[in-house]
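Peer 1:
Numbering (my numbering), first residue to last: 5 to 152.
1. Would residue 105 be called buried (16 or more neighbouring beta carbons within 10 Å of its own) or exposed?
2. Between which two residues does the beta strand (DSSP E) holding residue 39 run?
3. Do residue 136 and residue 117 come within 8 Å of each other at the CB atom, strictly closer than that value?
4. Tell me which residues share the same chain as residue 48 and place their Cβ nearer than 8 Å to its Cβ, disregarding the 5 neighbours each side in the sequence.
5. Roughly how many angstroms lie between the CA atoms of residue 80 and residue 65, to the nearest whole one?
6. Return the CA-CA distance between residue 57 and residue 37, expressed in angstroms with no decimal places.
7. Taking the C-alpha atoms as reference points, what is the distance between residue 138 and residue 90?
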């Protein structure tokens with residue numbers, strides 16, 4: 005079942021001109037591929053960045069790389085609250101993984117943030133830099149992957 009973003013704060017677009025765009029969700033400025041976070045960002049352009057981003061934001065989903073697996077962890081967005089320089093995501097709880105010993109919490113389901121695996125705070129540090137403050141699995145800033 006596909007879930008749509010519920011806007012819990014006034015629409016505030018922080019990208020481009022810095023003015024709100026009608027019809028855009030409050031987190032539109034963060035859409036795209038980002039590198040770094042788990043490690044310092046080095047290359048932010050070209051296929052190396054866009055081919056292996058650390059985090060990808062879309063309208064309905066946040067994808068994150070895992071250091072232990074080749075597949076991305078997909079988290080559905082339940083709600084987004086916008087602040088002048090930050091976003092508060094509430095994510096749909098990840099289903100437990102089935103193991104021979106019974107259900108277990110999904111590995112790498114969250115971001116190592118103190119608020120738990122179903123919350124993510126994103127702070128904007130510049131036009132192409134964000135951070136996940138106090139998230140143990142993402143201690144470094146993330147840089148936007150830009151085209152060639």
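A virtual CB, placed ideally from N, CA and C, is assigned to each residue, including glycine.
Peer 2: From the atom records:
1. The residue you call residue 105 lines up with position 101 of the chain shown. Exposed, since its Cβ has fewer than 16 Cβ neighbours within 10 Å.
2. Indexing the chain shown from 1 puts residue 39 at position 35. Element bounds for residue 39: 36 to 40.
3. Here the question's residue 117 lines up with position 113 in the chain shown. Here the question's residue 136 lines up with position 132 in the chain shown. For residue 117 and residue 136, yes; Cβs fall inside 8 Å.
4. By 1-based counting over the chain shown, the position of residue 48 is 44. Within the same chain, residue 48 has close Cβ partners 39, 132, 147, 148, 149, 150.
5. Start at 1 with the first residue of the chain shown, and residue 80 comes out as number 76. Start at 1 with the first residue of the chain shown, and residue 65 comes out as number 61. Distance between the alpha carbons of residue 80 and residue 65 is about 5 Å.
6. Reading the chain shown from its first residue, position 53 is the one you call residue 57. Reading the chain shown from its first residue, position 33 is the one you call residue 37. Their Cα atoms are separated by approximately 6 Å.
7. Against the chain shown, residue 138 aligns to sequence position 134. Against the chain shown, residue 90 aligns to sequence position 86. Taken atom to atom, the span from the alpha-carbon of residue 138 to that of residue 90 is near 14 Å.
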